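Enquirer:
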Amino acid sequence: MSNLSLNIMEILGDSLGVGKDYLREFFQENDSIMRLNYYPPCQQPHLTLGTGPHCDPTSLTILHQSRVSGLQVLVDGKWHGIRPDPNAFVVNIGDTFMALSNGIYKSCMHRAVVNSRTARKSLAFFLCPRMDRKVTPPMELLVRSSDDDDDHCSRRRYPDFAWRDFLEFTQKHYRADTKTLDAFSDWLRQKNMDNHDE
Ligand SMILES: O=C(O)CCC(=O)C(=O)O
Ligand SMILES: [Fe+2]
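Note that the sequence shown ends on residue 198 in the UniProt record's numbering; no numbers are left out.
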């Protein structure tokens with residue numbers, strides 16, 4: 001899984017114009033996470049969700065759904081089911097990659113619904129940087145001229161952080177939802193200001 005995600009990072013690095021090696025090297029040593037989700041059948045599935053709407057705080061998610069559907073992604077304000085295919089992975093961008101690419105790549109909002117008949121399992125590999133690695137966009141993404149069509153490039157969207165701190169934020173202070181990265185950025189800025197005042 002780690003190898004597959006590093007290969008995908010080569011493609012993403014190429015697409016961002018920072019070269020194949022930059023992101024592969026960034027994630028070469030990684031503190032990634034593997035999680036098995038289990039959703040038992042639910043008698044009143046319309047009253048609940050297996051996993052509420054969220055973007056993964058991690059960098060890249062490689063997910064395998066069993067044969068039971070449940071994953072949905074939000075596109076243009078509408079939820080779309082992702083048909084399970086035992087021969088395929090679902091790959092999505094997480095918040096840490098959104099910060100690393102200075103907002104050029106967007107993390108993907110998704111949720112999982114349950115059903116009344118069949119239990120569902122999904123297996124997720126979350127690529128994460130090494131705990132202490134500073135998440136900061138590569139210079140190439142910041143120094144493009146300001147007359148560049150894409151103004152995402154010229155100014156910083158998110159503060160620098162270490163993955164360790166973002167992970168701790170989502171475990172101790174904030175349950176991942178639709179606004180995790182913004183909430184974390186505000187929390188970090190506040191913390192940095194408090195430290196500066198001391
Ligand atoms: O079970 C699924 O399909 C989605 C699980 C998920 O979003 C997660 O583990 O972060
Ligand atoms: Fe998720």
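The C-beta atom is built at its ideal place from N, Cα and C for all residues, glycine as well.
What you are looking at is a predicted structure, and each value in this text was computed from that prediction instead of being measured.
Are the segment 33 to 50 and the segment 103 to 110 touching by the rule of at least three beta carbon pairs closer than 8 Å?
Expert: Touching, no, given that fewer than three Cβ pairs across the two stretches are closer than 8 Å.
Enquirer: Exposed or buried, what is residue 193 when buried is set at 16 or more other beta-carbons lying within 10 Å of its beta-carbon?
Expert: Taking the first residue of the sequence shown as position 1, residue 193 is located at position 193. Burial call: exposed.
Enquirer: Once the 5 residues before and after residue 68 are set aside, which same chain residues still bring their CB inside 6 Å of it?
Expert: Along the sequence shown, read from residue 1 onward, the residue named residue 68 stands at position 68. Closer than 6 Å at the Cβ level, and outside the excluded window around residue 68, lie 118, 120.
Enquirer: Closer than 7 Å: is that where the CB of residue 96 sits relative to any heavy atom of ligand 2?
Expert: If you number the sequence shown from 1, residue 96 lands on position 96. Incorrect: residue 96 has no Cβ contact closer than 7 Å to ligand 2.
Enquirer: Could you check which residue in 143, 55, 114 has the C-alpha nearest to that of residue 105?
Expert: Here the question's residue 105 lines up with position 105 in the sequence shown. Nearest option by C-alpha distance: 55.
Enquirer: By DSSP, does residue 22 sit in helix, in strand, or in coil?
Expert: For the purposes of this step, residue 22 is taken as the residue at position 22 of the sequence shown. Looking at residue 22 - three-state DSSP - the assignment turns out to be helix.
Enquirer: Compare the C-alpha of residue 99 against each of 77, 59, 114 and name the closest.
Expert: Numbered from its first residue, the sequence shown carries residue 99 at position 99. Ranking the options by Cα distance to residue 99, first place goes to 59.
Enquirer: Which of the three DSSP states, helix, strand or coil, is assigned to residue 96?
Expert: By one-based count along the sequence shown, residue 96 stands at place 96. Residue 96 falls in the helix class under three-state DSSP.
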